[in-house]
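Peer 1:
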Amino acid sequence: MGALLGVGAQVVAAPPAGDQNAAANESQEQTWKINLKDADIRAFITQIADITGYSFVINPRVKAKVTVISNTPMNREEVYEMFLSVLNVHGFSAIPGEDVIKIVLENEAKQGAANLDRFKKVPADQLVTQVIEVKNANALELVPILRPMVAKYGHLAGVAASNALIISDHVNNINRIRSLVRELDSPADYKLEVIQLQEAWVGDLVKLLEQLAPTELGKAGAGKGGPGGKFSVVADERSNRLIVKGDDVFRDKVRDLVAKLDQPAAVSGATKVINLRNADAEKLAELLKGIMGDIEKNVSKGGEGGAPGGGGGSQSTKVSIYADEGLNALVVRAEPSMMTEIEAIVEQLDVRRAQVLIEAAIVEISDGLSRALGVQLAAGANNVPAAITNFSNGGVSAATVIGAIISDTGTIPGVPDGAAIAFGEKKDDGKVWGALIQALATSGQAKLLSTPSIITMDNQESEIVVGQNVPFRTGSTSTGTDGLSNPFTTIERQDVGLTLRVTPSISDGELVRLEIEQESSSIAPSNEAASDIITNKREIKTSVLADNLETIVLGGLISENYRFSEAKVPLLGDIPLIGALFRTTTRNKEKANLMVFLRPTILRNKGEAKTIVEDRYNRLWKLNLDLKAQTEGEEAVGELVRPEVESLFLGNPLEDRSKSKKDPVLIKPDQEPKVL
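Going letter by letter, the sequence shown gives residues 184 to 859 in this note's numbering.
1. State the CB to CB distance for the pair Asn719 and Ala729, rounded to an integer number of angstroms; the pair is presumed to be in contact (CB under 8 Å).
2. Across the stretch 249-261 and the stretch 277-293, are there enough close Cβ pairs to call them in contact, namely three or more that are closer than 8 Å?
3. Looking at Val534: is its Cβ nearer than 9 Å to the Cβ of Val515?
4. Asn776 and Asn744 - do their beta-carbons sit closer together than 9 Å?
5. Where does Val437 fall in DSSP's three states?
6. What whole-angstrom Cβ distance do Asp538 and Met640 have, given they're in contact under 8 Å?
7. Only counting the same chain, and skipping five residues up and downstream in sequence, which positions put a Cβ closer than 7 Å to that of Gly680?
8. Rounded to whole angstroms, what's the CA-CA distance from Leu348 to Gly429? Just pull it up for me.
9. Assess, as a yes-or-no matter, whether the stretch 370-389 is touched by the stretch 420-428 under the definition of 3 or more beta carbon pairs within less than 8 Å.
10. Between which two residues does the beta strand (DSSP E) carrying Ala698 extend?
11. Let me confirm a value: Thr767 is counted as buried when at least 16 other C-beta atoms fall within 10 Å, else exposed. Which label applies?
12. So Thr682 and Glu702 are in contact, right, with Cβ under 8 Å, and what is the actual spacing, rounded?
13. By Cβ distance below 6 Å, which residues in the same chain neighbour Ala340 in space, the five residues on each side in sequence not counted?
14. What three-state label does DSSP hand Leu510 in the structure shown?
15. When the Cα atoms are used, what is the spatial distance from Val752 to Ser742?
16. If you run the structure through DSSP and keep just helix, strand and coil, what is Arg244?
17. Report yes if the CB atom of Asn731 is closer than 9 Å to the CB atom of Ile795, and no otherwise.
18. Look at Leu470 and Leu532 and say whether their C-beta atoms are less than 9 Å apart.
19. Whole angstroms is fine: what's the gap from Phe227's alpha carbon to Lys220's?
20. Counting along the chain, where does the alpha helix (DSSP H) carrying Lys390 start and finish?
21. Skipping 5 residues on each side, what residues in its chain have a beta carbon closer than 7 Å to that of Ser276?
22. Please say whether Asp419 and Val385 have beta carbons closer to each other than 9 Å?
23. Taking the alpha-carbon positions, what's the Leu513 to Gln446 distance?
24. Taking C-alpha atoms, which residue in Pro256, Glu797 and Leu267 lies nearest to Ile224?
25. For the beta strand (DSSP E) that Lys374 lies in, which residues bound it at each end?
26. Under the rule that 16 or more other beta-carbon atoms within 10 Å means buried, what is Lys335, buried or exposed?
27. Specify the secondary structure class of Ile228 as computed by DSSP and reduced to three states.
28. The beta strand (DSSP E) spanning Ala418 covers which residue range?
29. Assuming Val779 and Ile545 form a contact by the criterion Cβ under 8 Å, report the distance between their Cβ atoms to the nearest whole angstrom.
30. Along the chain, where does the alpha helix (DSSP H) that runs through Arg721 open and close?
31. Considering Pro327, what are the terminal residues of the beta strand (DSSP E) in which it resides?
32. Here's a check: name, in chain order, each residue in its chain whose Cβ is nearer than 6 Å to the Cβ of Ser351, leaving out the five neighbours to either side.
33. Using three-state DSSP, classify Ala750 as helix, strand or coil.
34. When DSSP labels each residue in this structure, what does Tyr505 get in the three-state scheme?
35. Count the other C-beta atoms from every protein chain shown that fall within 10 angstroms of the C-beta of Asp862, then say buried if there are 16 or more, exposed otherwise.
36. Roughly how many whole angstroms lie between the Cα atoms of Glu791 and Thr814?
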C-alpha cells in the first residue's frame with residue numbers, strides 16, 4: 184500500500200476474508216439507502232467498499248462530486264449496480280481484478296483485463312470485453328454497421344481468421360449488439376446490404392415495406408420464423424440507412440422499391456399559418472428558432488459517431504419560422520413531423536397571461552415649529568440712518584425703521600409675520616432713534632397621501648408617472664464665440680412628482696414577486712443661497728414577495744431636524760437680562776414621516792378584471808356624488824342613479840341619467856350594471 188500511495192494512487196481496503204464472508208452473509212438480509220449531495224467521489228467509494236466488502240484502487244485522476252438520491256432500499260448487489268451507474272455518469276469505470284477493483288477513466292478501461300469471477304451476475308453497467316462468434320455473416324462486414332452503436336470509449340474489431348467480433352463496452356450494450364448480430368448473422372446463402380437513403384425517412388420506409396411485403400417481413404422487420412428469419416430489414420435511424428438481409432432476389436426487389444420511394448416529395452415541407460391569441464409573434468418566433476436550431480445541430484452531428492446506436496444522418500430537418508406582427512401570427516414551413524412538434528409547443532406557450540393590479544399608498548406626514556425673538560436698535564442724524572444692531576435672521580432691519588422715521592412715511596415696509604413693535608423719534612436738530620422688537624412663533628402640519636395604481640401583465644415591466652416636467656438650468660453664457668454679447672441659458676427638463684415602476688412575477692399559487700422602483704420628488708421652497716431650483720427626492724428600489732391581496736410596507740423614513748441660530752452684539756449680547764436687547768434668536772424644529780405601502784391583486788380571467796373595473800367606477804361615482812352634495816346640497820343627489828360603465832366612452836360619463844330613484848345607487852362588483 185505504501186508503494187501505491189507513493190505514486191499517487193489511493194487504496195480503499197475491505198475487511199479481512201473472514202469479515203468479508205460475515206459481511207456477505209449479512210448483506211443477504213441487510214438493505215441500504217444511500218443519499219449524498221455533492222459528496223467527494225473518494226468518500227463515496229469508501230462507503231461502497233464498506234457495504235460490498237470489495238477493495239478498490241483509485242486512479243489519482245478520479246475526482247468528482249457525486250449526488251445520489253435513493254428512496255428504495257437496496258441489497259448488496261443493487262448497491263454495486265448503482266455504484267457502477269454513478270461511475271458511468273461521471274466518466275469513470277471499474278475494472279475487477281483478482282483481489283481489487285480498479286477505478287479508472289472510461290477511455291482507459293478497455294485496456295484493462297476484468298476478472299468477473301467474484302460476481303454471481305455481472306452488473307449491467309460493468310465494462311467488459313467479450314468475443315461474439317459469427318457463424319454465417321462476414322464479421323468484417325458487420326464492423327462498420329455495428330461501430331456507431333459502440334460507446335466512444337468502447338472498442339469494436341473484427342477477427343477475420345476466426346470470423347468473430349471483439350467488443351469492449353458495458354454489459355447491457357453488448358447484449359443489445361449481440362441480439363442484433365444474431366439477427367443479422369444469416370446463413371451463407373444470404374447477404375447483408377446497407378442502403379443509404381437520400382430523401383425518404385428510414386423509419387417511415389420500413390413501415391411501408393412491412394405493409395407491402397407482410398409475408399416476407401411481417402411485423403417489426405422480421406422475416407419467416409420471426410426474429411432471425413431469412414429476410415429482414417432494419418432501420419438505422421441515426422444514419423438514415425436501411426440494412427437489408429436476404430438472398431439476391433429479395434435484396435434486388437428491396438433495392439428497386441427503395442429507389443422508387445427514395446424520391447423528393449412533391450412538396451418538401453408543409454407551410455402553415457398559426458394565429459396567436461395571447462403570445463407575441465415576434466418573441467415566440469425567436470424562441471422557436473432557437474429550439475429548432477438545436478434540433479438541426481443534433482441531427483447534423485448524428486453521423487459523427489461515438490454514441491451507442493448512433494450514426495450519420497441526412498434527413499432534412501430544415502425549419503423556417505417567420506413572425507407577422509400585423510396579424511400576430513407565425514408562418515411556419517417544416518416537415519410534417521416537425522410541424523406537429525412546433526404546433527404542440529405553440530399550444531403550450533400561447534396561453535392567456537395573468538395580470539397584476541399594483542396598488543401603492545405613499546403617506547407622508549410632517550410637522551414644523553418655529554420660534555423667533557429679537558431686538559434691534561438704531562440711530563441717525565441729518566437724514567442719514569446708522570444701524571447700531573442689525574441682524575439678518577430677524578427679517579426687517581432696524582435701519583429700515585430709521586429710514587421710515589426720517590422719510591416720515593408712517594409705514595415700515597417688509598415687517599414679517601408675528602408680533603413686531605417698532606417705535607422711534609425724530610428731534611428738531613435732525614437726530615433720530617428707533618427700536619424694533621420682533622416675536623414670531625409658527626407651526627404647521629402637512630399630510631400627503633398618494634395612491635397610484637397600475638395594471639400590468641405577468642413578467643412585464645410597467646411604469647406610471649404623475650407630476651410635472653420642470654426645467655432645470657444646466658449652464659449659461661453671456662458672450663458668443665465672436666466676442667459679441669449673446670446671453671443665453673441652457674436647461675434640461677426633468678420629471679418631478681410620483682414615479683412607480685414595477686415588474687411582477689407570479690409563481691405557483693398566489694405568490695407574487697415584485698421588482699419595484701418608486702420615487703417621490705417635489706420642489707423645495709426657494710433658497711437664496713441656491714443657484715437654481717431645489718428638489719426633495721425619496722426613492723425606493725427593492726424586490727419583495729407578497730401573497731395575492733396582501734398589503735406590505737416597502738419602507739419608510741422618519742426624520743427630525745432641529746436648527747438654532749443666534750445673532751448678537753459681542754459682549755453686550757451676553758449680559759444677563761439686558762443682553763436680550765442686543766441679540767436675536769431663532770429656533771426651528773421639523774419632523775417628517777414617510778411610509779410606502781403596496782398591495783398586489785392577481786387578475787387571472789375576465790371576471791376578476793371586471794370586478795376591479797366596477798370597484799373603481801363605483802369610487803368615481805361616489806366622489807361625483809360627494810362633490811354635488813357639497814356644491815348643490817344633499818337633495819340634489821338623492822335621486823341620481825349611477826350610469827353604466829360604458830358611458831365613459833360616450834362623453835359626459837357622470838351625467839344624470841334618471842330621477843326615478845330617491846337614494847343614490849352603487850352597483851356592487853358582482854352585479855351587472857343596470858342599463859338606462
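Cβ atoms here follow ideal geometry from the backbone N, Cα and C, with glycine treated the same way.
Bear in mind that the values here come from a model prediction, so they are computed numbers and not experimental data.
Peer 2: Taking the definition as stated:
1. Position 536 of the sequence shown, counted from the start, is the residue given in the question as residue 719. Position 546 of the sequence shown, counted from the start, is the residue given in the question as residue 729. Not quite, the Cβ-Cβ distance comes to about 28 Å (not below 8 Å), so this is no contact.
2. Counting Cβ pairs under 8 Å, fewer than three are found: no touch.
3. Locating residue 534 in the sequence shown gives position 351, where the first residue counts as 1. Locating residue 515 in the sequence shown gives position 332, where the first residue counts as 1. No, the pair does not count as a contact, with Cβ atoms beyond the cut-off.
4. Taking the sequence shown and counting its residues from 1, the one referred to as residue 744 is at position 561. Taking the sequence shown and counting its residues from 1, the one referred to as residue 776 is at position 593. Their beta carbons are not under 9 Å apart, which means Asn744 does not touch Asn776 by this criterion.
5. Working through the sequence shown from its first residue, we reach residue 437 at position 254. Val437 falls in the helix class under three-state DSSP.
6. By 1-based counting over the sequence shown, the position of residue 538 is 355. By 1-based counting over the sequence shown, the position of residue 640 is 457. The sequence given here has Gln at residue 538, not Asp. Indeed, because the Cβ distance is near 5 Å, the residues count as touching under 8 Å.
7. Position 497 of the sequence shown, counted from the start, is the residue given in the question as residue 680. Val648, Val649, Gly650, Gln651 and Ser704, listed in sequence order.
8. Your numbering for residue 348 matches position 165 in the sequence shown. Your numbering for residue 429 matches position 246 in the sequence shown. For Leu348 and Gly429, the distance between alpha carbons rounds to 21 Å.
9. Yes, they touch.
10. Within the sequence shown, numbered from 1, the residue matching residue 698 stands at position 515. Per the sequence shown, the amino acid found at residue 698 is Glu instead of Ala. Counting along the chain, the beta strand (DSSP E) containing Glu698 begins and ends at Leu694 to Ile706.
11. Counting from 1 along the sequence shown, the entry for residue 767 is found at position 584. It is buried - the Cβ of Thr767 has at least 16 other Cβ atoms within 10 Å.
12. Counting from 1 along the sequence shown, the entry for residue 682 is found at position 499. Counting from 1 along the sequence shown, the entry for residue 702 is found at position 519. The C-beta distance from Thr682 to Glu702 rounds to 4 Å, short enough to fall under 8 Å.
13. Numbered from its first residue, the sequence shown carries residue 340 at position 157. Exclusion of the five residues before and after Ala340 leaves Ile349 as the residues of its chain whose Cβ lies within less than 6 Å of its Cβ.
14. On the sequence shown, residue 510 is found 327 positions in, with the first residue counted as 1. If DSSP states are grouped into helix, strand and coil, Leu510 belongs with coil.
15. Here residue 752 refers to the residue found at position 569 of the sequence shown. Here residue 742 refers to the residue found at position 559 of the sequence shown. Cα to Cα, the separation comes out at about 34 Å.
16. Your numbering for residue 244 matches position 61 in the sequence shown. Reduced to three states, the DSSP call for Arg244 is coil.
17. Against the sequence shown, residue 731 aligns to sequence position 548. Against the sequence shown, residue 795 aligns to sequence position 612. Contact flag unset, no.
18. What you label residue 470 is simply residue 287 of the sequence shown in a count that begins at 1. What you label residue 532 is simply residue 349 of the sequence shown in a count that begins at 1. Contact: yes.
19. Numbered from its first residue, the sequence shown carries residue 227 at position 44. Numbered from its first residue, the sequence shown carries residue 220 at position 37. Each residue's Cα considered, the two are about 11 Å apart.
20. One-based indexing of the sequence shown puts residue 390 at position 207. Element bounds for Lys390: Val385 to Leu395.
21. Residue mapping note: residue 276 aligns to position 93 of the sequence shown, counting from 1. These residues qualify, in order along the chain: Leu270, Val287, Glu289, Ala292 and Leu310.
22. Walking along the sequence shown from the start, residue 385 turns up at place 202. Walking along the sequence shown from the start, residue 419 turns up at place 236. Result yes, Cβ atoms of Val385 and Asp419 sit closer than 9 Å.
23. Your numbering for residue 513 matches position 330 in the sequence shown. Your numbering for residue 446 matches position 263 in the sequence shown. For Leu513 and Gln446, the distance between alpha carbons rounds to 29 Å.
24. Position 41 of the sequence shown, counted from the first residue, corresponds to residue 224. Measuring C-alpha to C-alpha distances from Ile224 to each of Pro256, Glu797 and Leu267 identifies Leu267 as the nearest.
25. Translated into positions along the sequence shown, residue 374 becomes position 191. Per DSSP, Lys374 belongs to the beta strand (DSSP E) from Lys374 to Gln379.
26. As a position in the sequence shown, residue 335 is number 152, starting the count at 1. Answer is exposed; the Cβ neighbour count stays below 16.
27. The residue labelled residue 228 in the question sits at position 45 within the sequence shown. Ile228 falls in the helix class under three-state DSSP.
28. Position 235 of the sequence shown holds residue 418. Going by DSSP, Ala418 is part of the beta strand (DSSP E) stretching over Ser415 to Asp419.
29. On the sequence shown, residue 779 is found 596 positions in, with the first residue counted as 1. On the sequence shown, residue 545 is found 362 positions in, with the first residue counted as 1. With a contact defined as Cβ atoms closer than 8 Å, Val779 and Ile545 qualify at about 5 Å.
30. Residue numbering aside, residue 721 sits at position 538 when the sequence shown is read from its first letter. Unbroken run through Arg721 is the beta strand (DSSP E), Thr718 to Asp730; no alpha helix (DSSP H).
31. Locating residue 327 in the sequence shown gives position 144, counting from the first residue. Membership of Pro327 in any beta strand (DSSP E) is not indicated; the residue belongs instead to the alpha helix (DSSP H) covering Ala322 to Leu329.
32. As a working mapping, residue 351 is identified with position 168 in the sequence shown. Within the same chain, Ser351 has close Cβ partners Lys293, Thr312, Gly337 and His338.
33. Position 567 of the sequence shown, counted from the first residue, corresponds to residue 750. Of the three classes helix, strand and coil, the one that applies to Ala750 here is strand, per DSSP.
34. Position 322 of the sequence shown, counted from the start, is the residue given in the question as residue 505. Correct three-state label for Tyr505: strand.
35. Nothing can be reported for residue 862: it is not among the residues displayed for the chain, which extend from 184 to 859.
36. By 1-based counting over the sequence shown, the position of residue 791 is 608. By 1-based counting over the sequence shown, the position of residue 814 is 631. One C-alpha to the other measures close to 36 Å.
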